[in-house]
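Q:
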Amino acid sequence: GLEGFLYPDTYSVPRGVGCMGIVQAMVARFRDEWKKADAHRAPDVKLDELQAVTLASIVEKETGQPEERPRISCVFHNRLKKGMRLGTDPTVIYSVLLENNFKWDGNLHKTDLLRPHPYNTYMVKGLPPGPISNPGAAAMEAALNPIHCNDYFFVSRNDHTHVFCPDLACHEANVRKWQIEYFQHRKRG
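For the sequence shown, this note's numbering assigns the number 1094 to the initial residue and increments by one for each residue that follows.
#1: Quick check: the Cα distance between N1193 and Y1187, rounded to an integer number of angstroms?
#2: Three-state secondary structure (DSSP) at F1246?
#3: For the putative contact between V1110 and L1099, defined by C-beta atoms under 8 Å, what is the C-beta separation to the nearest angstrom?
#4: Whole-angstrom Cβ separation of A1067 and E1155, contact assumed at under 8 Å?
#5: According to DSSP, is F1257 helix, strand or coil?
#6: Return the CA-CA distance between D1131 and H1278, expressed in angstroms with no decimal places.
#7: Taking the beta carbon of R1172 as the centre, do at least 16 other beta carbons fall within 10 Å, making it buried, or is it exposed?
#8: Applying the 10 Å Cβ sphere with the 16-neighbour rule, what's the burial state of N1243?
#9: Using three-state DSSP, classify W1127 as helix, strand or coil.
#10: Can you round the beta-carbon distance between V1146 and R1178 to whole angstroms, since I take them to be within the 8 Å contact cut?
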């Protein structure tokens, strides 16, 4: 399909241009932006185009703050190099959408995380079979040229930013603080 290859932007099109013309413009713009991002690819990034766009689409969906994209990309690259699962919620959400006619209640459930599906990166190693969104230029650049970091984990602070960790013990402490305790405190409110 075209998921991942329709460049997200505002387009001015002449009156009378049909859907095909708009799609062609979006794909052409994607190609231009892809070439720019690929020109700055880090030498150690060995992903093919589909893999890189897939990773960029995950970075796009996972990132609430633009400045975090390169670091989130670094985490995913580190996990891929180690053969770890990516374990990222946006891919699970995408799998739920695919299985439910693009309907979703807005909540991830434990059963969703445990459901076998090619896009469930909690269950399958490596990248999913294709993009989960249409990434912008910054996400493509981050996927192709991540910063260097020692992080393998991150968790949301619930303010569109993340806390990053190099090891599981650090990550589990942050999950307790930023997810479990945070939501328990909000419930008691």
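Just so you know, even glycine gets a beta-carbon here, dropped at the ideal spot from N, CA and C.
All values reported here derive from a predicted model rather than from experimental measurement.
A: So, to answer that:
#1: C-alpha of N1193 to C-alpha of Y1187: approximately 10 Å in a straight line.
#2: DSSP places F1246 in strand when its eight states are reduced to three.
#3: About 15 Å; that fails the 8 Å criterion.
#4: Look at the range of the chain in this structure, 1094 to 1282, and you will see that residue 1067 is not part of it.
#5: F1257 falls in the strand class under three-state DSSP.
#6: Their Cα atoms are separated by approximately 45 Å.
#7: Buried, by the Cβ-count rule.
#8: Exposed: under 16 other Cβ atoms inside 10 Å.
#9: DSSP, read as helix, strand or coil, puts W1127 in helix.
#10: Contact annotation, V1146 with R1178: C-beta distance approximately 20 Å; criterion of less than 8 Å not satisfied.
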